[in-house]
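Per our numbering, the very first residue in the sequence shown carries number 111; after that it's consecutive. We put the CB at the ideal spot given by N, CA and C, even for glycine. Since the structure comes first, as structure tokens, the remarks are kept for the end.
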Amino acid sequence: MTRRKRGPRSGRKVGAIEEWPNLVDVVMSWSLEDVMNEGLFKHESYLDSYTSPLLEELRSEMSSSLETISTMPFVKIGWIDQKQNSASYEFALEVDSKNTKSSNRPERYDPGDIIILFDVMPENTSDITRDGRPYRIAFITDGGDEDDDLPPTKKMSPPFAAYLLNIISYIRIWRCLDYTTVRRNQNLIQEVVHYPRVANFHAKGITSIDTMEIWSKLSTMDRNNSQNDAILNCISAMISSSSSNLSLIWGPPGTGKTKTISVLLWLLRKMKHGILTCAPTNLAVKQVASRFLRLTKENCLDTRCLGDVLLFGNKHRMCVEGDLKEIYVHARVRSFLHCLSSLSDFLDNGYSQYLQYSEDQKEVDKLSFLYYTRERFSAIYPDLRSCFKELLFHVPKSSILEVNYTNIISLLELLEDFNTFRRKTTGAEIKEIFMYKDVPRKSNKPIFSKTVITLGKTRIKCLELLKMLLSSLKLPITSSKHAIREFCMSSASVIFCTVSSSSKVTSNNKLELLVVDEAAQLKECETLIPLRLPALRHAILIGDECQLPATVLSKASFWVCEDALFGRSLFERLISLGHEKHLLNVQYRMHPSISIFPNTRFYDGILLDAHNVMQKEHQKKYLPGSMFGPYSFINIEDGWEDFDELGHSRKNMIEVTVVQEILRNLQRACSKAAKKITVGVISPYTAQVVAIQEKMRRMKFEPLAVKINSVDGFQGGEEDIIILSTVRSNSAGLVGFLSNRQRTNVSLTRARHCLWILGNASTLSSSGSIWADLVRNAKDQQCFFNANKDGAISRVITKHVCELTKVEDKRDRPLKVTKNRVQAPSRKDLKGHHSSMKCLSSDVGAQSRDTISGSELHCPKDIAEDITK
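Spelled out as structure tokens, the structure:
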């Protein structure tokens, strides 16, 4: 196909649609009426698979996007052309279009995206199909390259496009639900599906492994007994069992879960086991990989120690920085073979290259052979030396071999000698060096000088080593990024990636052990993605079922997802069936005043406070007054809850004002004391998070580092100070999904030194939930304070109440629901391009609802269930 530039447009030839699984055909068969129908899968039965719940979840996310269609960033289609005898289209986006409704409009789409095309920009979902207007729901099969162009054809209606969602993760799960494919790993999958079919496999002792060797290594790691026991039992179960097995490590908040995983991985790698380590998010994967990398560097003097360790994932979402670049797949191998071949060719044919160079140059610009060799060698040698170091550091020993390692070291030494003595040669000598052949002479009279002979022999020896390396190194002779990535992934013995991305690990037969961090946050069907690998024999799941599980978006969960336990993790299911779990029982994060309530209520008092949190140094005093000690419940009676503009989430503007005042006081206090501290401001409600972010937009926090997020989004995080806004304030004691024990647990276990809870004590005490216990406990601990007892906070509350009560007492007003819309997340990291898609017509609109979703974002649960409570 002919390609040419078309101004702001760009395009690319599409990939084959047949490469995608039939989930796409299922989605493309839905009409808009199907998408908006919450009862679509009501009568589907859940047998031995997650098929119906998965489809329901996908439908729900797609429906949520359609309901906010008016706020979506639109882009104009430059041209669109249907392929002959096909349901496939090629199209290009009009990058400089001024008719879009969002300044953050997308300028490209990625493979796996579902988009909708229409002829006018709608105000709501029903506008799409009003009066028989045409539209298409399309699936992007190829994102296109920015440098490729296709000629435009006749412009077709509809000319606008909007992004709905990306279904790559759904596709990966869908593939794993095909048990004929999954059974490539018969033993481990059967252990998962049929547990407890086999008797508990755990060995009670560790007599089958070299206990002295492992204990000697563990003794240098500064780990507590529960961590050591978990590590040793997992290793013992793996080694002593002849069949496939699963081990569970229970890691409550602050118990050193990531440290334990890193030591476990380090020991297993020492024992030469291939390991795939996964987690739900890029952030969690990076945390584990970073800790493992640091431990490896601290305990290994071998400069080649990272050659078999690999981190991979989406380059834009993973945002790899610092030391992690050393093990990131995009930094591997790169231009090594090019440097190797260039130097070999130069040493072998340097003079003939010079003659060719001379023919191409004007006489006045031509360099002498002496200066030509200096420039060429100076350009090639530093790059090759750098590539050699990278090779020794990044490529597995199994791909280098010991003889090649020795040859590389020898070659580097010879090249350094050649570089040193070459600088002292004359023009005549350098030519003789490149012409020199190490053959016996009939005459005893020397033909060459001693310098020429020495450097000539060095050059020949370098050539021999280079040719040996080129022929014997097991490296891909290619510049293809895909081929190099596949080589790195198939060669690695330790791989870090997200659970979803593990679907790309297809050719590595070394990986016998799967380690899944934050396993309780994953749906069981998601865990099947890495479990499918045929070489896996063992799996270790690390998590805490007392914290938040995976998010389920579907409002129809009662019919489909809830009945099928779609949100339940494999970790939780195995525990419910009586599987043994190894507890990490010492917490290193929270001040004892903070840990006492969650320890008692969620962990039956089994957690111990570590020595470090018991020290006087762990008790910080950031603000004056007893109200701002390590643990406080700050009672705000003057607040009231209200719906956001969509009527789906709640906010409490008085609590927002109090948060702002506390942050101002903290900022002033820490500036005077030159203290740098981290502060997390969290709330269960998305509307409250947005309101706080808006209020703090113009504040300068230095030297504070402030993070504002939902409780769901903060799971796994920790800060010096946590300010928790509970929002709910009503006379009926209604707290909705705030009563969720797992969410409460996450809320109360993020702080290191100070946890300050803002809430209406009367509402929470009347709720009959865990929050009533918390208020009572705060009073018992003498950590209960009325906000109006603090002068500064009392003033800002009074001021805010007066501003809002000029007409009526706002505290007694009915909760108000409006139907305005909010701006949906936009796709910013994209550039205009030509794309390819698969389309199917549909023709109906639907009602309205809103949730926020994203590939790396935990979706908030403050939706319809909460409105009714």
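Under 8 Å between the Cβ atoms of residue 179 and residue 269?
-> At the C-beta level, residue 179 and residue 269 stay beyond 8 Å of one another.
Give me whichever residues DSSP pairs with residue 896 in a beta bridge.
-> Residue 896 is bridged to 745.
Spell out a yes or no on whether the region 657–666 and the region 372–386 are touching, meaning 3 or more CB-CB pairs, one atom from each, closer than 8 Å.
-> Result no; under three Cβ-Cβ pairs closer than 8 Å.
Within its chain, find whatever has a CB closer than 7 Å to the CB of residue 681; leave out the 5 residues flanking it on each side and keep chain order.
-> Cβ within range, chain order: 358, 629, 630, 651, 653, 655.
Thinking C-beta only, is residue 386 closer than 8 Å to residue 605?
-> Result yes, Cβ atoms of residue 605 and residue 386 sit closer than 8 Å.
Compute the distance between the beta-carbons of residue 776 and residue 836, then report whether it is under 8 Å.
-> Not closer than 8 Å, so no.
Within 8 Å, strictly: CB atoms of residue 450 and residue 517 = For residue 450 and residue 517, no; Cβs fall outside 8 Å.
Burial state of residue 195, where buried means 16 or more other Cβ atoms lie within 10 Å | It counts as exposed.
According to DSSP, residues forming a beta bridge with residue 389 = Within the DSSP secondary-structure output, residue 389 pairs in a beta bridge with 608.
What distance in whole Å lies between the Cβ atoms of residue 624 and residue 593, which are believed to be in contact at a cut-off of 8 Å?
-> Not confirmed; about 26 Å, so no contact.
Enumerate in chain order the residues of its own chain whose CB-to-CB distance from residue 566 is below 6 Å, with the five nearest sequence positions on each side excluded.
-> Shown here for residue 566: same chain residues with a beta carbon closer than 6 Å to its own, the five before and five after excluded, namely 543, 546 in chain order.
So the beta strand (DSSP E) residue 425 belongs to, where does it begin and stop?
-> From DSSP, residue 425 is part of no beta strand (DSSP E) but of the alpha helix (DSSP H) over 425–428.
Do the region 755–775 and the region 852–868 make contact, defined as three or more Cβ pairs closer than 8 Å?
-> Counting Cβ pairs under 8 Å, three or more are found: they touch.
Segments of 4+ residues assigned as alpha helix (DSSP H) that fall wholly inside the region 781–823 = 796–805, all fully within the region 781–823.
Quick one: is residue 397 buried, meaning 16 or more other Cβ sit within 10 Å of its Cβ, or exposed?
-> Under a 10 Å Cβ-count criterion, residue 397 is classified as buried, with 16 or more other Cβ atoms of the shown protein chains found around its own Cβ.
When DSSP labels each residue in this structure, what does residue 581 get in the three-state scheme?
-> Residue 581 falls in the helix class under three-state DSSP.
Would you say residue 791 and residue 764 are within 8 Å of each other, going by their C-beta atoms?
-> Cβ distance not < 8 Å, so residue 791 and residue 764 don't count as in contact.
Please report how far the alpha carbon of residue 788 lies from the alpha carbon of residue 336, in whole angstroms.
-> Each residue's Cα considered, the two are about 29 Å apart.
Whole-number beta carbon distance between residue 437 and residue 377, since they are thought to touch under 8 Å | That pair is no contact at about 18 Å.
DSSP on residue 223, reduced to helix/strand/coil?
-> In this structure, DSSP gives residue 223 an extended state, which the three-state scheme calls strand.
Sorted by chain position, which residues of the same chain lie with C-beta nearer than 7 Å to residue 749's C-beta, five sequence neighbours on each side aside?
-> Correct list, in chain order: 762, 764, 765, 839, 870.
According to the Cβ coordinates, are residue 737 and residue 900 closer than 8 Å?
-> For residue 737 and residue 900, yes; Cβs fall inside 8 Å.
Residue closest to residue 109, alpha-carbon to alpha-carbon, out of 202, 282, 709 | Only positions 111 to 979 of the chain appear in this structure, which leaves residue 109 out of reach.
CB-CB length for residue 493 against residue 573, believed under 8 Å = The pair is not a contact, with the Cβ atoms about 18 Å apart (cut-off 8 Å).
Report the three-state DSSP secondary structure of residue 262 (helix, strand or coil).
-> Model confidence at residue 262 stands at a pLDDT of 48, short of 50, so the residue's coordinates are unreliable; what they give is reported in the following sentence. Coil, per DSSP.
Identify whether residue 623 lies in helix, strand or coil by the three-state DSSP scheme.
-> Residue state, collapsed to three classes: strand.
Can you tell me which of the three DSSP states residue 559 falls into?
-> Correct three-state label for residue 559: coil.
Beta-ladder partner(s) of residue 83, from DSSP | This structure cannot settle anything about residue 83, because the visible part of the chain is limited to 111 through 979.
Would you mind stating whether residue 479 and residue 491 have Cβ atoms separated by less than 8 Å?
-> No; because the gap between Cβ atoms is not below 8 Å, this pair is not in contact.
Could you give the C-beta distance for residue 759 and residue 815, rounded to a whole number, given that I count them as a contact under 8 Å?
-> Actually they are not in contact, since the Cβ atoms of residue 759 and residue 815 sit about 26 Å apart, beyond 8 Å.
If I'm right that residue 363 touches residue 859 with Cβ under 8 Å, what's the distance once you round it to whole angstroms?
-> Under the criterion of beta carbons closer than 8 Å, residue 363 and residue 859 qualify as touching, at roughly 4 Å.
Run the CB neighbour count on residue 79, radius 10 Å, all protein chains shown included, and call it buried at 16 or more, exposed below.
-> What the structure shows of the chain is the stretch from 111 to 979, and residue 79 is not part of that stretch, so it cannot be assessed.
Does the distance from the CB of residue 225 to the CB of residue 250 come in under 8 Å?
-> The beta carbons of residue 225 and residue 250 sit closer together than 8 Å.
Give the straight-line distance between the Cα atoms of residue 876 and residue 716, rounded to the nearest whole angstrom.
-> Using only the alpha carbons, I get a separation of about 29 Å.
Residue 770 - DSSP class collapsed to helix/strand/coil | Helix at residue 770.
Spatial neighbours of residue 330 in its chain, beta-carbon cut-off 8 Å, leaving aside the 5 residues before and after = These residues qualify, in order along the chain: 409.
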